[in-house]
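A.B. asks: For the protein sequence lines, the chains are A, B, C and D, in the order given. Numbering of the first sequence is given in the UniProt record's numbering, commencing with residue 1 and proceeding in unit increments. Numbering of the second sequence is given in the UniProt record's numbering, commencing with residue 1 and proceeding in unit increments. Numbering of the third sequence is given in the UniProt record's numbering, commencing with residue 1 and proceeding in unit increments. Numbering of the fourth sequence is given in the UniProt record's numbering, commencing with residue 1 and proceeding in unit increments. Ideal placement from N, C-alpha and C gives every residue a C-beta, glycine not left out.
4 protein chains.
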Amino acid sequence: MADECILPDEADDHFHDECGVFGIFGRKDAAAIVALGLHALQHRGQEAAGIVSFDGSQFFVERHIGLISDNFTKPAVIERLHGSRAIGHTRYATAGGSGLRNVQPFFAELADGGFAIAHNGNLTNASTIQRTLQKQGSIFSSTSDTETILHLVATSKEKDTNARFIDGVRQLEGAFSLVALTNKKMIGCRDPLGIRPLVLGDLDGSYILASETCALDIIGARYVRDVKPGEMIVITDHGTESFFPFEPQSSRFCIFEYVYFARPDSSVEGHNVYEVRKRIGAQLALEHPVDADIVIPVPDSGTPAAIGFAQAAGIPFELGIIRNHYVGRTFIQPTDSIRHMGVKLKHNANRRSIEGKRVVLVDDSIVRGTTSQKIVQMVRDAGAKEVHMRIASPPTRAPCFYGVDTPSASKLLASRMTTEEMTDFIRANSLGFLSIEGLYRALDEAGRNNEAPQYCDACFTKDYPTRLTDQEGSENLRHPSVLAAGGHNS
Amino acid sequence: MADECILPDEADDHFHDECGVFGIFGRKDAAAIVALGLHALQHRGQEAAGIVSFDGSQFFVERHIGLISDNFTKPAVIERLHGSRAIGHTRYATAGGSGLRNVQPFFAELADGGFAIAHNGNLTNASTIQRTLQKQGSIFSSTSDTETILHLVATSKEKDTNARFIDGVRQLEGAFSLVALTNKKMIGCRDPLGIRPLVLGDLDGSYILASETCALDIIGARYVRDVKPGEMIVITDHGTESFFPFEPQSSRFCIFEYVYFARPDSSVEGHNVYEVRKRIGAQLALEHPVDADIVIPVPDSGTPAAIGFAQAAGIPFELGIIRNHYVGRTFIQPTDSIRHMGVKLKHNANRRSIEGKRVVLVDDSIVRGTTSQKIVQMVRDAGAKEVHMRIASPPTRAPCFYGVDTPSASKLLASRMTTEEMTDFIRANSLGFLSIEGLYRALDEAGRNNEAPQYCDACFTKDYPTRLTDQEGSENLRHPSVLAAGGHNS
Amino acid sequence: MADECILPDEADDHFHDECGVFGIFGRKDAAAIVALGLHALQHRGQEAAGIVSFDGSQFFVERHIGLISDNFTKPAVIERLHGSRAIGHTRYATAGGSGLRNVQPFFAELADGGFAIAHNGNLTNASTIQRTLQKQGSIFSSTSDTETILHLVATSKEKDTNARFIDGVRQLEGAFSLVALTNKKMIGCRDPLGIRPLVLGDLDGSYILASETCALDIIGARYVRDVKPGEMIVITDHGTESFFPFEPQSSRFCIFEYVYFARPDSSVEGHNVYEVRKRIGAQLALEHPVDADIVIPVPDSGTPAAIGFAQAAGIPFELGIIRNHYVGRTFIQPTDSIRHMGVKLKHNANRRSIEGKRVVLVDDSIVRGTTSQKIVQMVRDAGAKEVHMRIASPPTRAPCFYGVDTPSASKLLASRMTTEEMTDFIRANSLGFLSIEGLYRALDEAGRNNEAPQYCDACFTKDYPTRLTDQEGSENLRHPSVLAAGGHNS
Amino acid sequence: MADECILPDEADDHFHDECGVFGIFGRKDAAAIVALGLHALQHRGQEAAGIVSFDGSQFFVERHIGLISDNFTKPAVIERLHGSRAIGHTRYATAGGSGLRNVQPFFAELADGGFAIAHNGNLTNASTIQRTLQKQGSIFSSTSDTETILHLVATSKEKDTNARFIDGVRQLEGAFSLVALTNKKMIGCRDPLGIRPLVLGDLDGSYILASETCALDIIGARYVRDVKPGEMIVITDHGTESFFPFEPQSSRFCIFEYVYFARPDSSVEGHNVYEVRKRIGAQLALEHPVDADIVIPVPDSGTPAAIGFAQAAGIPFELGIIRNHYVGRTFIQPTDSIRHMGVKLKHNANRRSIEGKRVVLVDDSIVRGTTSQKIVQMVRDAGAKEVHMRIASPPTRAPCFYGVDTPSASKLLASRMTTEEMTDFIRANSLGFLSIEGLYRALDEAGRNNEAPQYCDACFTKDYPTRLTDQEGSENLRHPSVLAAGGHNS
């Protein structure tokens with residue numbers, strides 16, 4: 001029987017962010033607005049989504065497998081989500097397994113009322129906490145690390161909601177940008193390192209929490225500010241109140257958000273993502289110059305860096321690879337003979353633009369390397385005289401434990417090959433990666449502060465900024481970089 | 001209750017081609033290959049698709065509403081389509097109404113065996129023929145003009161299949177690129193003017209018929225040649241045979257295929273679509289120069305012309321408008337208040353790239369003008385100092401009757417406004433359309449031959465190259481250009 | 001892998017009627033009333049159903065796989081069926097293959113307007129006519145014999161609808177009780193032998209056509225009369241008009257309708273089905289008396305005959321076999337071990353009622369004999385001292401070609417065994433079938449008139465009352481009974 | 001818009017049992033056998049069902065809305081349920097609200113392994129316990145009282161599973177027949193009064209727990225014995241072990257199981273249900289004799305009592321009311337005019353059997369009385385000279401809190417009318433209910449022991465055998481009848 005699977009050359013060979021969150025407090029049609037916000041955050045997770053709303057007396061929950069536009073555009077669905085307060089979540093399926101029971105926001109009726117929570121990021125001590133809670137009789141209904149937070153709030157001995165929430169999040173390690181909804185308030189919270197993004201917005205006086213600014217733009221909301229690393233912001237009818245329940249630490253925002261995850265029209269901490277990517281491309285042209293006729297992006301993720309490269313190098317930018325807009329996730333592979341045809345489901349090189357040319361090919365990153373290999377071959381088959389691959393980030397060498405779907409280290413091309421070997425593997429005439437210092441420079445830093453790195457760049461450097469309790473198998477094993485960085489959450 | 005409808009500023013304000021066709025003769029896994037070919041032609045119609053295969057003794061039919069990747073990637077579906085010969089069709093729903101019974105290919109067991117047919121184009125005398133056939137007792141099971149062809153073949157008094165097919169197509173007026181499958185042969189046929197494209201390909205000795213060359217590229221097939229206007233090509237186990245059943249005429253290929261319909265990586269009659277669009281952009285820069293800081297495409301259809309414009313004008317090209325890749329066809333509009341928010345479901349302007357700049361905005365065409373109005377406004381809201389709109393085609397003034405979904409003339413902005421009025425309407429600082437002569441020049445013509453136009457450009461010129469019998473309401477009114485075989489409608 | 005199939009002992013070992021028809025003319029909410037009528041006729045076909053309505057200007061068609069209560073109770077479906085005239089059909093899937101395209105009523109836009117038709121029965125010359133029509137260019141969109149009638153009407157050279165209809169039905173052989181709807185009238189028609197039932201009803205002045213009187217009862221309509229064999233009744237705004245387009249013949253109503261097909265609360269030609277079945281039971285007690293303690297029906301089809309038997313024999317009637325009301329058509333058979341367990345999905349014998357008793361078991365008929373074998377065994381396993389099987393019809397020896405799903409003759413137990421062999425096969429202490437004369441006597445006849453039988457009893461006697469053209473394979477072979485108009489097949 | 005609702009005269013005016021449970025330990029294809037067992041228990045709950053299996057290392061859960069035959073006959077579903085141990089549940093939707101999250105068995109990974117539980121019955125202190133647990137931080141993921149049991153086991157401080165289970169069930173009040181599955185054992189448990197049934201069976205050495213014996217019969221399993229009231233039976237690889245964790249009390253089995261809930265072929269505590277119903281009918285004939293021509297059951301629930309009545313009274317038994325076997329739960333009610341037609345979706349009186357007759361109509365119970373009213377009218381409309389209604393149970397005056405769906409007391413006809421008023425209301429010539437003493441006599445008792453009633457008959461007597469903590473709103477309020485009866489659970 002035929003396998004239903006992704007054809008090898010069509011696999012989307014990228015790291016994948018696992019979530020987007022969005023909430024609005026005090027606005028008519030709140031759920032409809034959350035649906036729009038999540039639609040703008042769809043690139044952060046496409047497998048499933050959910051919205052919880054509150055109408056002053058009751059909570060309403062809708063969770064569905066599939067895209068926002070497939071589920072949350074149905075009037076029947078939106079109409080069931082009454083109320084002027086709502087939070088939502090869109091997710092990539094890997095973390096915690098798929099299935100409806102893992103779709104967020106999670107909701108429970110606690111002793112003092114309903115409590116809903118949506119989470120972007122990943123905890124590094126969730127299994128450890130879960131085992132402790134189960135011994136005390138807590139029953140978990142999902143395999144998601146996020147449910148752990150819900151149970152910590154539920155079993156806290158503190159009296160009021162804020163104190164219970166603080167009690168809960170203080171026990172967490174890892175990355176968490178949270179949006180929670182109770183019968184009185186909406187709460188936003190970022191882990192002390194601020195690994196995942198979270199911004200505060202304003203729509204005609206109603207507060208919004210969102211993963212990225214593009215989710216404010218879609219509804220014409222005003223960007224107020226980024227929620228600060230380690231900040232817990234509580235939104236009620238009387239406005240916002242901020243708490244800082246964690247020991248202060250220097251922030252370590254995920255640098256890969258700039259490389260690939262965030263939408264180019266979003267801005268984080270004052271940096272516009274599109275402009276950062278163009279500067280990355282310019283820096284790449286500086287670090288790895290090449291004599292060539294045209295610069296071609298691997299669409300669409302390589303496009304801004306390719307434009308930056310082309311402008312800096314003075315080489316014409318061309319759309320030499322055309323992307324099929326109707327690519328779904330899977331395609332038929334009925335027989336070996338078809339699999340071996342090497343069909344071009346996703347991309348096609350435009351021979352007329354390429355034939356006889358020396359081509360600079362710009363992509364954002366190399367993960368397993370299989371896609372790069374196929375694309376170089378496709379460009380060669382279209383008649384390129386030379387193919388020079390330029391990668392808009394350093395080699396990715398280590399997995400992420402902070403809410404990003406990454407293959408195990410052994411599958412990362414850069415973890416088992418030198419650049420020379422990779423050049424051979426993808427059969428390019430030359431291959432150049434952006435340096436880690438160059439990446440920091442594109443972010444307007446003088447360079448990486450190795451004593452106290454300004455970003456989380458563990459996927460390039462293996463320098464994890466938090467404990468990895470669940471990985472270590474031992475609560476006593478401290479991660480060196482955490483100790484070295486001085487701060488940790490205990 | 002809430003309306004489920006397209007928000008006004010999100011409506012896809014374009015002409016829409018209505019079909020793509022694909023067939024392969026004599027190749028294992030024929031249906032799987034047709035599915036791949038149709039996937040590459042998905043831009044020509046997204047509402048529904050079908051495949052008919054033949055295994056030497058039996059025909060198999062699968063027709064589904066939805067994308068190829070949603071339906072024809074299921075092993076169960078493909079496995080039901082036995083055989084080494086298959087044809088397929090992907091369609092845009094407008095012509096003949098939606099519903100499964102209108103999904104092509106059409107199939108019938110005729111007296112001498114099964115007969116399947118797939119059609120790109122539109123007949124201009126289908127209703128007239130249908131009335132005649134019904135009077136003779138023919139029963140129509142769809143509302144599609146294509147079924148008319150099937151009945152003409154079925155009721156022909158000729159003896160063999162070729163003669164019956166010729167008998168049928170000779171009665172047709174309008175645009176038709178056909179692929180048919182019988183128990184002996186696959187037949188391709190283009191109307192005498194060659195209004196819609198159809199190419200012949202070869203995959204390791206198996207013949208392919210396809211609407212565009214990109215459908216050959218996806219499976220690595222070789223482009224052999226375009227099927228000629230007025231040619232009927234019959235493919236059997238013994239090779240191909242060509243017939244020319246129509247009175248010879250000069251060809252009138254649809255010029256709008258170059259402007260918008262065809263995929264940029266396709267080539268038609270020797271012209272690469274991407275390169276034509278770049279030349280259109282360059283020509284546009286020549287015709288309507290402007291002092292500006294950046295050139296921004298309306299993605300994705302305006303991109304090649306924008307690149308051409310930028311290169312010719314020496315102004316930097318920027319992706320100032322970001323497209324949401326997860327746009328479905330409809331989105332919620334629960335209340336007036338949300339409808340009036342002017343949400344940006346599909347596009348977002350990137351303020352950082354635009355603020356304070358003089359912007360050239362390049363789009364492929366203006367139909368109703370509503371999208372242009374919204375996009376100009378969005379770019380202004382993002383801080384542009386000036387917005388100069390440049391359109392990569394002449395003003396569209398007239399509906400198409402040849403297989404393109406166009407609004408009625410009264411809804412076409414250019415049919416009721418001058419360029420000055422349109423500039424005001426879309427609130428641009430300036431507005432420039434490519435001239436009809438410029439468009440022909442981008443196609444390497446010296447200009448339009450008004451006595452015998454080289455292309456069908458009726459949507460710009462109202463010069464329809466065939467009779468419009470169903471429109472005219474009279475069978476006796478002959479269309480001058482048909483009589484003159486080379487004349488035109490003026 | 002597990003087979004999804006009917007467990008052997010659970011197969012419904014019965015002949016199956018293939019259709020029920022219903023129409024109403026001139027009543028608000030016509031489609032809703034048709035749905036109710038079809039619901040009452042659901043026992044005549046459970047695989048699929050359809051309704052066509054007409055609102056004075058337009059026809060509306062809904063056809064669905066599944067039960068009436070699953071599909072035609074949805075307000076959205078009923079609301080799409082506008083108008084005060086409607087006809088409907090419910091079908092058993094065997095004839096002509098399954099699939100939506102075979103679901104009736106069939107509808108076509110003919111030259112003089114829409115025409116819908118629903119058919120109970122089966123034509124014995126449909127394939128022969130179809131081949132002729134295909135040679136003339138007719139295109140068939142289903143594999144149902146009913147579509148043939150539609151094409152005959154469409155291709156008739158007659159001018160007005162009545163004449164075209166008459167022209168069509170005169171060419172038919174076999175069994176047909178038809179209900180048709182045009183833009184002017186509703187037409188009912190029974191074949192000249194009246195093989196299948198069709199009654200005329202009245203609901204507050206609106207005429208109704210229905211397969212059985214129980215479909216009048218459900219809506220409180222008044223029974224007017226049976227449509228006569230060979231009658232064509234035309235209902236318009238001005239009332240009814242009758243035509244007799246066929247050569248007169250003695251009627252041959254299907255006697256098996258009394259034995260099993262019709263609902264017990266229906267009446268046909270003055271005979272109430274329940275009362276006939278009780279008389280059959282009494283006659284059976286007379287023909288095959290037995291010394292026993294209790295009479296038990298095989299539920300539910302054997303119940304009226306068992307009551308009749310028990311009353312006539314003076315033996316207590318008991319519900320010794322309990323039927324599971326939730327039996328679907330299929331059940332799991334994951335492994336051989338479970339298949340060999342002999343699970344009792346449909347029936348269970350109640351040990352307490354049976355243990356130590358001499359049991360008379362009454363069933364309506366024996367087809368393959370497998371169910372009888374299992375049920376006798378089940379009753380024995382429950383402790384019965386003796387099991388005497390009594391069958392409320394003669395041995396079924398021959399297939400039906402008039403709209404009943406029957407196995408081929410070789411699979412009919414009675415066609416390959418004597419009564420003695422059958423007694424052994426089902427392992428009963430004794431086995432008695434009603435005689436053919438006894439069956440006629442239960443219908444108040446003195447006996448069967450072998451020269452001119454009063455009923456069609458071909459499944460018992462092989463005496464087919466019409467030509468079987470498609471079976472014979474020769475158009476020239478005339479069936480004697482047709483020529484003789486009152487003769488029979490011997 | 002049309003309402004999708006049950007037509008008034010078609011509402012199923014009965015009490016409804018809410019659950020059936022089934023488990024098997026140590027048998028290949030365990031889940032397939034559970035599906036068969038649940039199919040036999042389908043009459044105890046039709047809205048949803050679930051199965052949990054265990055294969056020695058992992059648990060597998062499938063829960064679906066709909067009938068067993070709709071969901072658990074799919075090989076794909078059954079094949080996902082690996083292992084030789086499995087329990088299942090079929091439910092009626094009312095208790096705890098509908099929705100998949102309330103479908104049983106419930107399953108959780110507790111600290112010492114997986115734990116699944118299925119429950120027939122209803123707790124009368126679940127809300128009270130739930131509030132306490134929530135205060136301690138337990139998170140409930142359903143609205144079902146059964147989840148409470150799961151949390152009590154999870155939060156028990158006892159060490160081993162048996163002790164934790166005992167700790168949990170000792171806190172419960174109300175009715176509970178439980179089947180639980182852990183990674184080591186299957187546990188059955190009945191509340192101390194044994195209100196709901198539970199039997200132990202044996203299939204070739206594998207133990208089975210089931211609500212009724214008919215679920216043993218379907219798979220040919222042997223009935224071993226009833227699980228005793230207050231017994232906890234633990235099944236492991238080493239056999240069974242019994243515990244009696246509750247203070248001993250006299251049993252109070254639900255007497256309504258004999259009247260209506262249980263399947264007639266089941267036996268409880270030595271009484272065969274069909275035989276009890278026949279004796280009820282005979283007792284009814286004795287208590288309320290009548291001069292009549294025929295005895296007609298309201299099918300199917302009144303049939304055994306009607307047979308008993310007819311035999312005792314010497315009046316012929318007739319199937320005068322025919323039931324439509326294809327009744328779904330809802331039917332269209334598009335307009336007032338159709339609603340007022342009084343359509344007969346479910347039953348039809350057979351005029352020929354009834355006309356001119358004096359009819360005894362036998363039904364099992366009267367709840368709201370609306371159905372009785374319609375049926376009496378229907379029998380009168382069919383020409384009955386007299387209609388004498390006989391009810392095979394005492395008047396139902398009080399709601400049930402032990403797992404039966406009953407209307408509030410104010411909607412029970414007998415709670416607001418005398419028998420004379422009821423006779424008028426249903427427009428019968430006479431109306432007779434079985435006496436409470438007569439009901440006990442049909443169960444071979446000399447009569448009801450009012451000091452210590454042998455059964456729970458609260459729906460007739462308001463004598464509730466347990467505390468109704470959640471109802472009382474106060475944990476200190478003792479129910480008088482419980483005190484008076486001497487025994488209670490503390």
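(1) Rounded to whole angstroms, what is the Cα-Cα separation between Ala126(A) and Arg164(A)?
(2) Examine chain A for any beta-carbon lying closer than 8 angstroms to the beta-carbon of Ala95(B), and answer yes or no.
(3) Between Asn324(B) and chain A, is the shortest Cβ-Cβ distance under 8 angstroms, so that the two count as touching?
(4) In chain D, what lies closer than 8 angstroms to Arg352(C) by C-beta?
(5) Our contact map puts Arg85(D) next to Phe25(D) with C-beta atoms below 8 angstroms; I'd like the distance itself, whole angstroms only.
(6) For Val376(A), which residues in the same chain have their Cβ closer than 8 angstroms to its Cβ, ignoring the five residues on either side in sequence?
(7) At the level of alpha carbons, what is the spacing between Gly137(B) and Leu198(B)?
(8) Would you mind stating whether Gly121(C) and Gly174(C) have Cβ atoms separated by less than 8 angstroms?
(9) Roughly how far, in whole angstroms, is the beta-carbon of Gln124(D) from the beta-carbon of Gln471(D), given that I think they are within contact range, below 8 angstroms?
(10) Buried or exposed: where does His39(D) fall if 16 or more other Cβ atoms within 10 Å of its Cβ makes it buried?
(11) CB Arg91(B) to CB Ala49(B), shorter than 8 angstroms?
(12) Do Phe106(D) and Gly83(D) have their beta-carbon atoms positioned less than 8 angstroms apart in this structure?
(13) Would you say Lys462(C) reaches chain B, if we count a Cβ-Cβ gap shorter than 8 angstroms as a contact?
(14) Quick one: what's got a C-beta closer than 6 angstroms to Leu110(A)'s C-beta in the same chain, skipping five residues either side?
(15) Considering only C-alpha positions, which residue in the set Gly320(B), Gly281(B), Arg441(B) and Val224(B) is nearest to Asp381(B)?
(16) Thr146(A): which of Ser242(A), Ala118(A), Ile436(A) and Gln171(A) sits nearest, CA to CA?
(17) Is Phe460(B) buried or exposed, if buried means 16 or more other CB atoms sit within 10 Å of its CB?
C.D. replies: Answer, in terms of the structure:
(1) 18 angstroms
(2) The predicted model places Ala95(B) with a pLDDT of 48, which falls under 50 and marks its position as unreliable, so this point remains unresolved.
(3) yes
(4) Ser267, Asn272, Tyr274 and Glu275
(5) 5 angstroms
(6) Leu361, Val387, Met389, Ile426, Arg427 and Ala428
(7) 33 angstroms
(8) yes
(9) The identity of residue 124(D) in the sequence shown is Thr, whereas the question assumes Gln. Their Cβ separation, rounded to whole angstroms, is 7 angstroms, which keeps Thr124(D) and Gln471(D) in contact under 8 angstroms.
(10) buried
(11) yes
(12) no
(13) no
(14) Ala154
(15) Gly320(B)
(16) Ala118(A)
(17) buried
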